[in-house]
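Using my numbering, you'd call the opening residue of the sequence shown number 9 and step up by one each time.
We put the CB at the ideal spot given by N, CA and C, even for glycine.
Note that the structure is a prediction, hence the values are computed from the model and not measured.
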Amino acid sequence: MKISCLQENLSRGLGVVGRAVATRATLPVTQNVLLSADQGMLRLSATNLEIAMTTWIGAMVEEEGAVTVPARVLTEFVNSLGGDRIDINMEEGSRLLQIKSGRSQANINGTDASEFPPIPTVEDAVVARAEPGALRGAIARVAFAAATEESRPVLTGVEVKLREGQFTMAAADGFRLAVQHGPLTQSTPEEMGVIIPARTMNELNRLLGDSNEPVEIMLTPQKGQVMFRLQGGDTVELVSQLLQGTFPNYDQLIPQSYTTRAILDSQATLRATRTAAIFARDGSNIIRMHVMPNEGEETSGGRLLISARSEEVGDDQDEVDVAELEGEEGKIAFNSRYLLDVLSVLDRGQVAIETTTSSSPGVFKPTDSDDYVHVVMPMFVQW
9 MKISCLQENL SRGLGVVGRA VATRATLPVT QNVLLSADQG MLRLSATNLE IAMTTWIGAM
69 VEEEGAVTVP ARVLTEFVNS LGGDRIDINM EEGSRLLQIK SGRSQANING TDASEFPPIP
129 TVEDAVVARA EPGALRGAIA RVAFAAATEE SRPVLTGVEV KLREGQFTMA AADGFRLAVQ
189 HGPLTQSTPE EMGVIIPART MNELNRLLGD SNEPVEIMLT PQKGQVMFRL QGGDTVELVS
249 QLLQGTFPNY DQLIPQSYTT RAILDSQATL RATRTAAIFA RDGSNIIRMH VMPNEGEETS
309 GGRLLISARS EEVGDDQDEV DVAELEGEEG KIAFNSRYLL DVLSVLDRGQ VAIETTTSSS
369 PGVFKPTDSD DYVHVVMPMF VQW
């Protein structure tokens with residue numbers, strides 16, 4: 009192998025695939041990165057056996073070849089160099105990677121590329137396309153609601169359905185449910201549904217960055233793997249195993265009616281909730297919400313009291329104006345973390361909070377779109 013490339017490009021490429029490098033591995037080679045000359049470019053690949061990432065960077069290839077070297081050592085060395093050209097050389101039959109840049113030189117012991125786990129390829133895939141902005145927004149509003157415990161593996165994933173020009177993402181952990189719809193620029197010929205690990209979706213969101221090019225979503229008919237291909241400055245492929253199992257029928261979990269509906273300013277509600285969370289920390293993480301109509305006024309508005317108390321620390325109460333109030337006075341309590349999570353992703357414009365009773369789920373929706381709904385189970389408290 010004999011290639012040359014720019015330090016800036018190699019550093020950026022290693023930063024992309026480095027997220028897929030195994031941190032603790034029973035298979036030591038998964039802590040390496042695979043370098044291979046591929047069609048006049050340098051291909052970088054890494055995998056932790058759950059996800060695999062591949063990217064290509066521009067390079068001048070004099071001799072083709074492939075080798076796998078420790079990712080941490082290579083990345084730290086390359087990042088320490090100035091922004092000059094890097095020459096990479098490996099003698100035939102050797103596994104010693106020689107790297108030169110300016111006056112710096114290093115030799116890194118590598119491993120035969122054949123020992124590296126095969127990077128999955130998605131053959132005969134069903135392809136859909138979506139705008140990166142739509143995917144970014146959906147992942148941000150949904151993935152955090154997935155479970156982190158492995159007791160029910162399907163709940164650690166995000167269910168993704170592709171159908172009739174749109175995608176639907178859903179995540180639930182047994183205490184909350186987030187559902188987001190978005191448009192596809194290219195649809196699948198038939199409806200498809202898969203469960204993708206939430207970790208994969210978060211990595212995809214990080215890779216999307218400021219990308220403007222449509223993202224290819226490639227599913228295998230056997231539903232064993234999914235690949236996302238991002239094109240732009242650098243082509244990046246993210247391949248992930250799918251979770252097997254049946255995702256809950258969440259349509260049945262979304263309340264279809266309410267007795268109280270309050271429309272609030274998102275920022276004001278989030279600020280008051282953050283303040284209450286300071287006291288909720290020492291009070292079982294309980295935040296109470298009490299919606300009341302304005303007294304003696306013929307208006308459609310009201311006020312929302314947000315409060316929390318701790319026997320040891322003290323208590324807090326804040327008041328937020330209700331722009332529009334439908335129905336009757338309502339009381340409900342939520343876990344502070346769940347409340348902060350949903351208000352943080354609905355932090356612009358207005359948010360609608362719909363409740364039925366203090367023991368029934370609360371529903372959060374943006375007022376400017378019907379594409380998102382978030383359901384949170386209440387906490388039982390004495391009023």
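Is the Cβ-Cβ distance between residue i and residue j less than 8 Å?
{"i": "Ser-53", "j": "Ala-60", "result": "yes"}
{"i": "Asp-92", "j": "Arg-103", "result": "no"}
{"i": "Arg-311", "j": "Met-300", "result": "yes"}
{"i": "Leu-351", "j": "Ser-292", "result": "no"}
{"i": "Ile-65", "j": "Leu-105", "result": "no"}
{"i": "Ala-146", "j": "Pro-256", "result": "no"}
{"i": "Ala-331", "j": "Gly-309", "result": "yes"}
{"i": "Val-244", "j": "Leu-215", "result": "yes"}
{"i": "Met-226", "j": "Val-130", "result": "yes"}
{"i": "Ala-285", "j": "Ile-295", "result": "yes"}
{"i": "Glu-199", "j": "Lys-169", "result": "yes"}
{"i": "Met-385", "j": "Pro-374", "result": "no"}
{"i": "Asp-355", "j": "Leu-278", "result": "yes"}
{"i": "Phe-400", "j": "Val-187", "result": "Residue numbering for the chain in the displayed model covers 9 to 391; residue 400 lies beyond these limits and cannot be assessed."}
{"i": "Tyr-258", "j": "Ala-155", "result": "no"}
{"i": "Glu-58", "j": "Gln-249", "result": "yes"}
{"i": "Thr-62", "j": "Asn-40", "result": "no"}
{"i": "Phe-342", "j": "Ser-367", "result": "no"}
{"i": "Met-209", "j": "Ala-151", "result": "yes"}
{"i": "Ala-276", "j": "Ser-344", "result": "no"}
{"i": "Glu-336", "j": "Thr-283", "result": "no"}
{"i": "Arg-137", "j": "Gln-194", "result": "yes"}
{"i": "Leu-185", "j": "Ala-153", "result": "yes"}
Restricting to Cα atoms, I'd like to know which of the options is closest to residue i.
{"i": "Gly-26", "options": "Glu-72, Leu-43, Gly-165, Thr-34", "result": "Leu-43"}
{"i": "Arg-149", "options": "Gly-190, Gly-173, Phe-287", "result": "Gly-190"}
{"i": "Val-135", "options": "Leu-192, Ala-142, Pro-369, Ile-262", "result": "Leu-192"}
{"i": "Val-383", "options": "Leu-261, Ala-316, Asp-273, Met-297", "result": "Leu-261"}
{"i": "Asp-132", "options": "Gln-230, Val-328, Gly-165, Thr-63", "result": "Gln-230"}
{"i": "Gly-182", "options": "Leu-170, Asn-56, Thr-164", "result": "Thr-164"}
{"i": "Ala-74", "options": "Val-81, Glu-58, Leu-50, Leu-57", "result": "Leu-50"}
{"i": "Glu-334", "options": "Asn-343, Met-209, Pro-78, Asn-302", "result": "Asn-302"}
{"i": "Leu-82", "options": "Ser-122, Gln-264, Gly-21", "result": "Gly-21"}
{"i": "Ser-159", "options": "Gly-253, Asp-378, Arg-144", "result": "Gly-253"}
{"i": "Asn-1", "options": "Asp-242, Ser-109, Thr-267, Glu-72", "result": "The chain is shown from 9 up to 391; residue 1 falls before or after that span and cannot be answered."}
{"i": "Met-297", "options": "Gln-233, Arg-289, Asp-326, Asp-290", "result": "Asp-326"}
{"i": "Gln-47", "options": "Arg-32, Ala-28, Gly-240, Glu-70", "result": "Glu-70"}
{"i": "Glu-224", "options": "Ser-265, Arg-207, Thr-196", "result": "Thr-196"}
{"i": "Val-234", "options": "Leu-212, Ile-107, Ser-265", "result": "Leu-212"}
{"i": "Trp-391", "options": "Arg-32, Asp-378, Gly-338, Thr-34", "result": "Gly-338"}
{"i": "Val-24", "options": "Asp-378, Ala-270, Gly-241", "result": "Gly-241"}
{"i": "Glu-157", "options": "Ser-122, Arg-207, Gly-201, Arg-111", "result": "Arg-207"}
With a threshold of 7 Å, establish whether the CB of residue i neighbours any heavy atom of the ligand PLP.
{"i": "Phe-85", "result": "Among the components of this structure there are no ligands whatsoever, and the ligand PLP is therefore not found."}
Report the CB separation of residue i from residue j in whole angstroms; it is logged as a contact under 8 Å.
{"i": "Pro-205", "j": "Leu-251", "result": "6 Å"}
{"i": "Ala-67", "j": "Phe-85", "result": "About 17 Å; that fails the 8 Å criterion."}
{"i": "Ile-395", "j": "Glu-167", "result": "With the chain running from 9 to 391 in the structure shown, residue 395 is simply not present."}
{"i": "Ala-30", "j": "Asn-56", "result": "4 Å"}
{"i": "Met-9", "j": "Asn-97", "result": "7 Å"}
{"i": "Ile-340", "j": "Val-328", "result": "Ile-340 to Val-328, Cβ: 14 Å. No contact."}
{"i": "Val-371", "j": "Pro-263", "result": "6 Å"}
Practice task
May I ask you to verify whether the region 319–327 touches the region 362–371, counting CB pairs closer than 8 Å and requiring at least 3?
Solution key: no
Problem - the region 12–21 / the region 92–101 touching (three or more Cβ pairs under 8 Å) - result: yes
Exercise for the section: Please determine if the region 210–223 and the region 170–187 are in contact, where contact requires at least 3 C-beta pairs separated by less than 8 Å. Expected result: no
Practice task
Ignoring anything shorter than 3 residues or poking outside the region 107–167, list the beta strand (DSSP E) runs there in chain order.
Solution key: Counting only runs of 3+ residues, the beta strand (DSSP E) found wholly inside the region 107–167 occupies 112–117, 134–138, in chain order.
Exercise for the section: Starting from the N-terminal side, write out each stretch of the alpha helix (DSSP H) that is 4 residues or longer and does not extend beyond the region 247–280. Expected result: Unbroken alpha helix (DSSP H) runs of no fewer than 4 residues, entirely contained in the region 247–280, are not found.
Practice task
Could you name each continuous beta strand (DSSP E) segment of 3 residues or more that falls completely within the region 163–232, going from the start of the chain to the end?
Solution key: 165–171, 174–180, 184–191, 200–205, 223–227
Practice task
Kindly provide the ranges of any beta strand (DSSP E) runs that are 3 or more residues long and lie completely inside the region 311–349, ordered along the chain.
Solution key: Unbroken beta strand (DSSP E) runs of no fewer than 3 residues, entirely contained in the region 311–349, are found at 322–335, 338–343, following chain order.
Handout entry: Every unbroken alpha helix (DSSP H) inside the region 14–90 [4 residues or more]
Key = 15–25, 79–88
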